[in-house]
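Here the protein sequences come in this chain order: A and B.
Residues 0 to 298 in numbering that gives the first Met the number 0 are what the first sequence spells out, letter by letter.
Residues 0 to 298 in numbering that gives the first Met the number 0 are what the second sequence spells out, letter by letter.
Quick reminder that beta carbons are idealized off the backbone N, C-alpha and C, glycines included.
2 protein chains.
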Amino acid sequence: MRKISADFNEWAARLRQRIERVLDDLLPSASLVPSRLHDAMRYAVLDGGKRVRPLLAFAAGEATGADPAQVARMAAVVELVHAYSLVHDDLPSMDDDALRRGKPTCHIAYDEATALLVGDSLHSLAFQVLAETAVASPEERLEMVGMLAKAVGSRGMAGGQAIDLESVGQSLNLPELELMHIHKTGALICAAVRLGAGCGRGLTEERRDRLDHYAKCVGLAFQVVDDVLDAEASTATLGKTAGKDAARHKPTYVSVLGVDSAQDMAGELYRDALGALAGFGGEAERLRDLAGFIVQRRF
Amino acid sequence: MRKISADFNEWAARLRQRIERVLDDLLPSASLVPSRLHDAMRYAVLDGGKRVRPLLAFAAGEATGADPAQVARMAAVVELVHAYSLVHDDLPSMDDDALRRGKPTCHIAYDEATALLVGDSLHSLAFQVLAETAVASPEERLEMVGMLAKAVGSRGMAGGQAIDLESVGQSLNLPELELMHIHKTGALICAAVRLGAGCGRGLTEERRDRLDHYAKCVGLAFQVVDDVLDAEASTATLGKTAGKDAARHKPTYVSVLGVDSAQDMAGELYRDALGALAGFGGEAERLRDLAGFIVQRRF
Chain A
0 MRKISADFNE WAARLRQRIE RVLDDLLPSA SLVPSRLHDA MRYAVLDGGK RVRPLLAFAA
60 GEATGADPAQ VARMAAVVEL VHAYSLVHDD LPSMDDDALR RGKPTCHIAY DEATALLVGD
120 SLHSLAFQVL AETAVASPEE RLEMVGMLAK AVGSRGMAGG QAIDLESVGQ SLNLPELELM
180 HIHKTGALIC AAVRLGAGCG RGLTEERRDR LDHYAKCVGL AFQVVDDVLD AEASTATLGK
240 TAGKDAARHK PTYVSVLGVD SAQDMAGELY RDALGALAGF GGEAERLRDL AGFIVQRRF
Chain B
0 MRKISADFNE WAARLRQRIE RVLDDLLPSA SLVPSRLHDA MRYAVLDGGK RVRPLLAFAA
60 GEATGADPAQ VARMAAVVEL VHAYSLVHDD LPSMDDDALR RGKPTCHIAY DEATALLVGD
120 SLHSLAFQVL AETAVASPEE RLEMVGMLAK AVGSRGMAGG QAIDLESVGQ SLNLPELELM
180 HIHKTGALIC AAVRLGAGCG RGLTEERRDR LDHYAKCVGL AFQVVDDVLD AEASTATLGK
240 TAGKDAARHK PTYVSVLGVD SAQDMAGELY RDALGALAGF GGEAERLRDL AGFIVQRRF
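Listed below in C-alpha cells is the structure:
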C-alpha cells in the first residue's frame, strides 16, 4: 500500500480548520430568531467529525487547479447536507441513536421536533449556499444544483436510507448491499468530488469519469471500513455507538463477507481508486492520500 | 367585496388537473427502487389539496405573460415543497396529526421513518426540478434557487414552524403571531408568486415589489381564514382535524382577536392585496380572483 504523504495530517488539519470557519460563517447566528433552531443547527454541524467529504472536495479542487476559497464553500455545502442526514438518521424513528461525534445526538441535546427542523433547515441552506456561490458559469452551477439534488434525493442518499431500513432483519447478498451503499453514502461522496472538481477549469469528460470512478471506489471503501470498525472497535474510539448494526440485525460487509474478506475488499477498492487516478500527476496527490486515509483509519 | 370571475372555478379545476399531471410525471414511479419510498412520495403529493400555491404561481405567470408550460413546472416545485412540509409537520414529534386532505397522514399510511424520508426526498426533488427547468436566464434561475432555499429554510418556512412549536401554551401578541405566519406560510406563498412571475418577461422592480406585497397579504389572509375555519368548521368539511389549535393551546388569530375581528382582518388583508395590484390590468385578474377565493373559501 502506497504511503500517505508525510504532510497529509497537517494538510487535513489545516483544511478542517478552514471548513470550520466557513461553516461557522454560513450558519445563522444563534442570536437570530428562531434562536433555539439556529443554536441546534450550529450544534449539529460545528466542532465535529472527520470532515471526510469536505476534504474530498478540497482534494478534488486541487486536482483541477480550483480556487480554494470557492472550493471551501462547495465543501461546506456537502458538509451541511451530510450533517442534515446524520441528524435525521439518528432520530428515534430511524436509527434511534443517542451518540454522534462523541456528543449527544441533536434530538437528545434538544428535542425531536427541533432535530427534524434542523435537518430540514440544513438541507435548504446547502442549496442556498450553492446557488449563491459565484463558482463556474451559471449554467454549470445550475448543473451542480441538479446533480446535488439528485444525489441526496430518493434515487440517492435518502433512497439508500430507505433501502437500509427495509433491509433490517433481511439477508442481503453482496450486489444488494453494494446498491444500498452506492445510494446511501456513495452518492454524496461523488457529489463532494464533483463539486470540488467543478470549481476548477478544463475538466475533460474522461477525467471527470475517472474522478467519478475514484469517488465510487472511495465511497464503498469508506463503508466497508465503517462496517469493520463498527464490528471491532469500541464506542469510545468511534465517538458513536459501536456494534449497533449487528445488534439490529442489519446486513453489513462484515456480516456478509466476514472481517477478513471485508478487509481484503477495502484493499481492492483502494487499489481501484488509485487506478482511476492514472493519468493524473501530482495534482491528484491529496486524492491518493485521502483514499489511503479512508482505508487505514481507526475511527 | 369584488365578485370572483364567473369562470374562476373552471380555470382552477383545469389547472389543478394540469398540476396533477405534471406532478405525476415528475415523481419517480413506484416501480423504481426504493419502491415503498416512491409509493409514499406519490401518496403524499398526488390527488389532494386545494393546490392554492400552484394556482398562485399560475396566476402570477398570467400576470407576466409567462409560458404556462414553464409555470406548470414552477408550480410543481412549490407544491413539492409544500407537500414535504405537510408530511414533516404531521409527524408525531411535530403536530402529531392522523388526517390530512381527507386521508390518513403519510406516517399513518406508511410509517414514521418512511414519512421522514418522503419529506426529505420531496425537498430535494423540488430543487432538482427547479434546476432542470429551462426557464428565464441561468442567472435568474440561480436566483430562484437561492430565493426558494431561503424561503423554506430556518429564516423562512422551517423557522416559522420552530416559532410555532415554541409558541404552544404561550400567549402571543398580534405582531408575534404575524411574524410566525410570515415565516411559516407566507414565505412559501411569496415564493410561489415569484417563481410564477419569474417565468414571464420584463417584470419591473416596482411590479415585483407589488406582487411581493400582494403575496404577503394573501399569505396572511390565508392563515387568518385557516384559523377561523379551524375554530368553526368540522373535521369532515376540512379534511383535516378541526379544533386542534385550541385543543393544543396554540395561539391563533381567533384566540388573539376573536372570530369577528379575525374576519375583519381577513377582509382588510384582501383589500390590501387588491390594492397592491393597482396598475396591473386584466392580466392580474386571476390573482384578484384567488385573493377572493382564499378569503371566501369554506374549506
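Of all residues in the segment 116–141 of chain B, those with a C-beta nearer than 7 Å to a C-beta of chain A are Leu-116, Asp-119, Ser-120, His-122, Ser-123, Leu-124, Phe-126, Gln-127, Ala-130, Glu-131, Pro-137, Glu-138, Arg-140, Leu-141, reading in chain order.
Within the same chain, Lys-149, His-182, Ala-186 come within 7 Å of Gly-155 (chain A) by CB-CB distance, once the 5 residues on both sides are set aside. The C-alpha of Ser-28 (chain A) lies about 7 Å from the C-alpha of Asp-38 (chain A). Rounded to the nearest angstrom, the gap between the Cα atoms of Arg-35 (chain B) and His-180 (chain A) is 18 Å. When beta bridges are read from the DSSP output, Pro-53 (chain A) appears opposite no residue. For Arg-193 (chain B), the three-state secondary structure derived from DSSP is helix.
Apart from sequence neighbours up to five positions away, the residues of its chain that approach Ala-230 (chain A) with a beta-carbon distance below 6 Å are Val-253, ordered along the chain.
Contact between Ala-275 (chain B) and His-212 (chain B) holds: their C-beta atoms lie close to 4 Å from each other, under 8 Å.
As computed with DSSP, Lys-102 (chain A) is found in a beta bridge with A:Arg-99.
One finds Glu-111, Ala-112, Leu-115 in chain A with Cβ atoms closer than 7 Å to the Cβ of Ser-92 (chain B), taken in chain order. Note on geometry: alpha-carbon atoms of Leu-228 (chain A) and Phe-126 (chain B) lie some 35 Å from one another. Residues of the segment 154–166 of chain B whose Cβ lies closer than 9 Å to any Cβ of chain A, in chain order: Arg-154, Gly-155, Met-156, Ala-157, Gly-158, Gly-159, Gln-160, Ala-161, Ile-162, Leu-164, Glu-165. C-alpha of Arg-72 (chain B) to C-alpha of Arg-287 (chain B): approximately 22 Å in a straight line.
Listed by position along chain A, the residues whose Cβ is nearer than 8 Å to that of Lys-149 (chain B) are Ser-123, Gln-127.
Taking a 10 Å sphere around the C-beta of Ala-5 (chain A), we find fewer than 16 other C-beta atoms and assign the residue as exposed. DSSP, reduced to helix, strand and coil, places Phe-7 (chain A) within a helical segment of the structure shown. Remark: three or more beta-carbon pairs, one from each stretch, lie closer than 8 Å, so the segment 104–116 of chain B and the segment 86–94 of chain B are flagged as touching. If you look at His-87 (chain A), you'll find it in the alpha helix (DSSP H) that goes 67–88.
Under the three-state reduction of DSSP output, Ala-290 (chain B) falls in the helix class. Secondary structure at Phe-126 (chain B): helix, using DSSP grouped into helix, strand and coil.
Listed in chain order, the positions of the segment 35–59 of chain B with a beta carbon within less than 8 Å of a beta carbon of chain A are Arg-35, Leu-36, His-37, Met-40.
Nearest neighbour of Arg-50 (chain B) by Cα position, chosen from B:Leu-26, B:Ala-75, B:Arg-285, B:Gly-64, turns out to be B:Ala-75. When the five nearest sequence neighbours on each side are left out, the beta carbons in the same chain lying within less than 7 Å of the beta carbon of Thr-104 (chain B) are those of Asp-89, Asp-96, Ala-97, Leu-98, in order along the chain. Straight across, the Cα-Cα distance linking Glu-177 (chain B) with Glu-61 (chain B) is about 29 Å. The continuous alpha helix (DSSP H) containing Pro-137 (chain A) extends over residues 137–151.
Within the same chain, His-182 come within 6 Å of Gly-158 (chain B) by CB-CB distance, once the 5 residues on both sides are set aside. For Val-76 (chain B), no chain A residue has a Cβ inside 9 Å of its Cβ, as the nearest lies near 11 Å away. In the three-state reduction of the DSSP assignment, Phe-279 (chain B) falls in the strand class, which pools E and B. Excluding its 5 nearest sequence neighbours in each direction, Leu-268 (chain A) has C-beta neighbours in its own chain below 6 Å: Cys-216, Leu-219, Ala-220, listed in chain order. Nearest in C-alpha terms to His-81 (chain B), of all of B:Asp-259, B:Gly-152, B:Arg-285, is B:Gly-152. For Pro-174 (chain B), no CB of chain A lies under 8 Å from its own CB, so it is not counted at the interface with that chain. Around the beta carbon of Asp-244 (chain B), 16 or more other beta carbons lie within 10 angstroms, which makes this residue buried. Under the three-state reduction of DSSP output, Pro-174 (chain A) falls in the helix class. Annotation: the continuous alpha helix (DSSP H) that includes Asp-211 (chain A) extends over 204–231.
Look at Pro-250 (chain B): its C-beta is not under 8 Å from any C-beta on chain A.
Taking a contact as a CB-CB distance under 8 Å, the pair Ala-59 (chain B) and Gly-281 (chain B) does not count as one, their CB atoms being some 15 Å apart.
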